[in-house]
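Undergrad: Below is a structure I'd like to ask you about.
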Amino acid sequence: MKFLKVVLKLCFLMATLAAISPAQTSSPPLIPTIQTVTVLNNDAYPLIEIRGAGFGHDQSVVQIFINDTPQIATIAQVKNKKIVAQLAGNQLCSGVVSVRVFVNKLASNLGNFLYDKGVPTITSISPEHAEANSVVEIKGENLSCQPANNLVTFNDTPVAVLGMANSTLSVRVPDNIVTGPANIRVIVSGHSSDSKAFVIDTKPVNNNNNATPTDTMLKFKNATGLVGGAGFTPMFNIRDMVKTNNGEFPLWDMNFYGTHQAIVKAPWVTTNGTQQLALVTLDCRYNSNLPINISKTKEKYVYVLISYPRDPEKPYDEVENPFWWGTFALCSESAPKGFISNSRATSTGGIESFEISKDPTVRSKITMSAKVIAPDLGVYYEYGINYSKAGAGKVSMPKVATITMTFNDAEPGIPMGDYHLGDVTITDESGTNGSITTNSTLFKSKLVAEDITFFW
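In our numbering, the protein residues as written are 50 to 505.
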């Protein structure tokens, strides 16, 4: 009898253990950890060895991101405590390079290694001539990953780097430099590039830079005829001061400063045939915390955003289907040609043309055109967003679009201009949805206490 009781207790215990769900007994997934990163060779395609733990043995579920960008290393070998990977030297920069390992989409800590690409080179300077105090972009190779470690000189006089995007440095021409021919160099880790010829322009009396003034109007037309070809440089270089009854103010503040919004037509109809809508935001302000600004001084910026409804296939509804994230372009003094910084894409934004009144008491016409690109950031269930399927449904949200705004009634003012009426055209560059124009749409000014907050 005692034996039977023991057997029954054992059976009861086994049944109890079998009833426990796997979720209650399974161990949590192991987070990959990087301990060291070593460069095995330093040629054009360097090999690195990553040592740590939690890498597993299945190469198909392992990814290595370089500098937390879309640059992905080619994996040669995966063991639980060691990974050997090959990098493309043309994707690297001199200095400290960071790596992060993803195993089954679980991210490791950052690992770092030093990489020296050798002598830097200057491939282009844009523009090739400018007056003192203007911002120029220097595109180069073998630059340092850390913006401050790239020393730029004008006629052997060092200048601070304002910002860095990929392989392009933004610097300001020294204010006290002599007009005429000049030389620019880039120095990285003691290696100096060859000098690149540059011309310092004489400041015009009206100080409008790169623009064609008349007695009452300031006009600019992109010399290339292509949106973004010249960037926002001429607009940022507007430094005229205008006198009003309330004092003297910058022309930029009078005509551009502020946030301007309008609801316009999106270039497609929903699945039930309703014309889709979009929210256009034009923001012209100052900010010292833009993504590539390393000087931390306030600079002018222009931010163009098209916000589409959260579900692009359903009609817009301010409660059930409100405006959400869409496509955007951001340009600043340190990056006048514009940039977009997300996990998968970059683009160039720019002004095709603009025309403003130089008389602060006269309403005027302002024309702008900007190229924007849809973020492709993957799946964010906490926000109810799945950008990985953008364009894969019955309605294709434009991945790349051009927005042209013509303000027929812009009224200067302090602290911000008032853009009353405008014609807005959104063009799907893929050709999927074509182009649509909203005529005489009403723009509303929105005065905000803080500048735009950036999340990357």
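Where a beta carbon is used, it is the ideal one built from N, C-alpha and C, also for glycine.
Source: prediction; values computed, not measured.
If you draw a straight line from the C-alpha of Ile351 to the C-alpha of Thr330, how long is it?
TA: What sits at residue 351 in the sequence shown is Val, not Ile. Distance from the CA of Val351 to the CA of Thr330, rounded to the nearest whole angstrom, comes to 10 Å.
Undergrad: Which residues in the same chain have their Cβ closer than 7 Å to the Cβ of Glu98, if we skip the five residues on either side of it in sequence?
TA: Thr87, Leu89, Lys131 and Val133
Undergrad: Along the chain, which unbroken stretches of the beta strand (DSSP E) at least 3 residues long are found entirely within the segment 299-385?
TA: Here the runs fully enclosed are 307-318, 324-336, 348-356 and 376-381.
Undergrad: Can you tell me whether Met290 is buried or exposed, with buried defined as 16 or more other CB within 10 angstroms of its CB?
TA: Burial call: exposed.
Undergrad: For Thr474 versus Pro385, is the C-beta distance shorter than 7 Å?
TA: no
Undergrad: Could you round the C-beta distance between Arg100 and Thr85 to whole angstroms and report it? I think they count as a contact, below 8 Å.
TA: 5 Å
Undergrad: Exposed or buried, what is Leu328 when buried is set at 16 or more other beta-carbons lying within 10 Å of its beta-carbon?
TA: buried
Undergrad: Could you compute how far the alpha carbon of Tyr164 sits from the alpha carbon of Thr323?
TA: 55 Å
Undergrad: To the nearest angstrom, how far is the alpha carbon of Gln112 from that of Lys154?
TA: Separation of Gln112 and Lys154 (C-alpha to C-alpha, rounded to the nearest whole angstrom) is 8 Å.
Undergrad: On the three-state DSSP scale, how would you describe Gly189?
TA: DSSP places Gly189 in strand when its eight states are reduced to three.
Undergrad: Could you compute how far the alpha carbon of Phe305 sits from the alpha carbon of Met465?
TA: 7 Å
Undergrad: What three-state label does DSSP hand Asn199 in the structure shown?
TA: strand
Undergrad: Nearest-angstrom Cα distance between Ser392 and Gly296?
TA: For Ser392, the pLDDT reaches just 40, beneath the cut-off of 50, and the residue's location in the model is therefore unreliable, although a value from the coordinates is still provided. Note on geometry: alpha-carbon atoms of Ser392 and Gly296 lie some 46 Å from one another.
Undergrad: Do the segment 221-233 and the segment 171-186 touch if we need at least three Cβ pairs shorter than 8 Å?
TA: Touching, yes.
Undergrad: If you measure between the beta carbons of Gln135 and Ala125, is that distance less than 7 Å?
TA: yes
Undergrad: Please name the residue or residues paired with Ala209 in a DSSP beta bridge.
TA: DSSP lists no partner for Ala209.
Undergrad: Am I right that Asn191 and Leu218 are in contact with their C-beta atoms under 8 Å? What's the rounded C-beta distance?
TA: Going by Cβ atoms, the distance from Asn191 to Leu218 rounds to 12 Å, so no, they are not a contact pair.
Undergrad: Starting from the C-beta of Lys128, find all residues in its chain whose C-beta is less than 8 Å away, skip the five residues before and the five after it, and write them out in chain order.
TA: Phe104 and His106
Undergrad: Alpha carbon to alpha carbon, how far is Leu66 from Cys142?
TA: Annotation note: pLDDT 42 at Leu66 (below 50); position unreliable, coordinate value reported separately. Their backbone Cα atoms lie some 56 Å apart in a straight line.
Undergrad: Would you mind reading off the limits of the alpha helix (DSSP H) that contains Phe285?
TA: Thr282 to Phe285
Undergrad: Among Thr82, Lys345, Phe492 and Met446, which residue has its Cα nearest to the Cα of Gly480?
TA: Met446
Undergrad: What are the start and end residues of the beta strand (DSSP E) that includes Arg234?
TA: Gly229 to Val237
Undergrad: Counting pairs of beta carbons, one from the segment 199-215 and one from the segment 230-245, are three or more of them closer than 8 Å?
TA: yes
Undergrad: Helix, strand or coil for Asn161? Go by DSSP, reduced to three states.
TA: DSSP places Asn161 in strand when its eight states are reduced to three.
Undergrad: Give the range of the beta strand (DSSP E) segment to which Glu177 is assigned.
TA: Careful: Glu177 lies outside any beta strand (DSSP E) and carries neither H nor E.
Undergrad: Three Cβ pairs or more, each shorter than 8 Å: is that satisfied between the segment 239-247 and the segment 166-176?
TA: yes
Undergrad: Can the beta-carbon of Gly144 be found closer than 7 Å to that of Gln195?
TA: yes
Undergrad: Between the Cα of Met454 and those of Pro81, Arg149, Leu354 and Trp373, spot the shortest distance and give me the residue it belongs to.
TA: Leu354
Undergrad: Determine the closest residue to Asp472 out of Glu460, Phe456, Pro461 and Asn158, with distance taken between C-alpha atoms.
TA: The residue with the shortest Cα to Cα distance from Asp472 is Phe456.
Undergrad: Applying the 10 Å Cβ sphere with the 16-neighbour rule, what's the burial state of Ala450?
TA: buried
Undergrad: With DSSP collapsed to three states, give me the class of Gly462.
TA: coil
Undergrad: Quick one: Cα of Arg80 to Cα of Asp92, how far?
TA: The displayed chain sequence assigns Ile, not Arg, to residue 80. One C-alpha to the other measures close to 31 Å.
Undergrad: Are the CB atoms of Ala315 and Thr490 nearer to each other than 7 Å?
TA: Against a cut-off of 7 Å, the Cβ pair of Thr490 and Ala315 comes out as no contact.
Undergrad: Taking the alpha-carbon positions, what's the Ser494 to Glu177 distance?
TA: 37 Å
Undergrad: Rounded C-beta distance between Phe372 and Pro358? I'm assuming under 8 Å.
TA: By a beta-carbon distance limit of 8 Å, Phe372 contacts Pro358. Their separation comes to about 6 Å.
Undergrad: If you draw a straight line from the alpha carbon of Asp302 to that of Ile121, how long is it in whole angstroms?
TA: For Asp302 and Ile121, the distance between alpha carbons rounds to 43 Å.
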